[in-house]
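Residue numbers (the UniProt record's numbering): 1 to 105. Even for Gly, the Cβ is constructed at its ideal location relative to N, Cα and C. Notes to accompany the following structure.
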Amino acid sequence: MTYPTDIRFGVRELDSAQGCLHLLTPDFDYDSFADVALALITVLGASVVEKEANADLHIWLIDFEGCRMMLKGEHYSSAMWLELLSRDDGDTLAFLAGWLEKLTQ
């Protein structure tokens, strides 16, 4: 499956204390979350381990170069963020934030 190359992602905020990277993404709704999320996964070179969808929140367990984290998306506000499972992976989250910022410059 291929994804549009015109989808752009950026950094809204890196919250190192909470282990969260809040992302700038295209708007999405409940039905289009997977398309936007898979495009992000492709850009990151990550893989999806597990998916869960609740009434208003999508939660995906992803793997980025051995670092597992949660990709979460709340469709009412079109908010998407990465959340660490281990505070020890803070450097990986900071790397992703810097890398995404460079991609959008």
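Check: Give a yes or no on whether the C-beta atoms belonging to A97 and V11 are separated by under 8 angstroms.; Outcome: yes
Check: Run through the DSSP bridge pairs and tell me what W81 is partnered with.; Outcome: H22, K72
Check: Applying the criterion that 16 or more other CB atoms from any shown protein chain within 10 Å of the CB defines a buried residue, is W60 buried or exposed?; Outcome: buried
Check: What's the C-alpha gap between D15 and L23?; Outcome: 11 angstroms
Check: Considering only residues of the same chain and omitting the five flanking positions on each side of A94, which have a CB-CB separation below 8 angstroms?; Outcome: L14, S16
Check: So, for Q18: in the same chain, excluding its five sequence neighbours on each side, which residues have a beta-carbon less than 6 angstroms away from its beta-carbon?; Outcome: none
Check: In or out: L21 buried (at least 16 other Cβ within 10 Å) or exposed?; Outcome: buried
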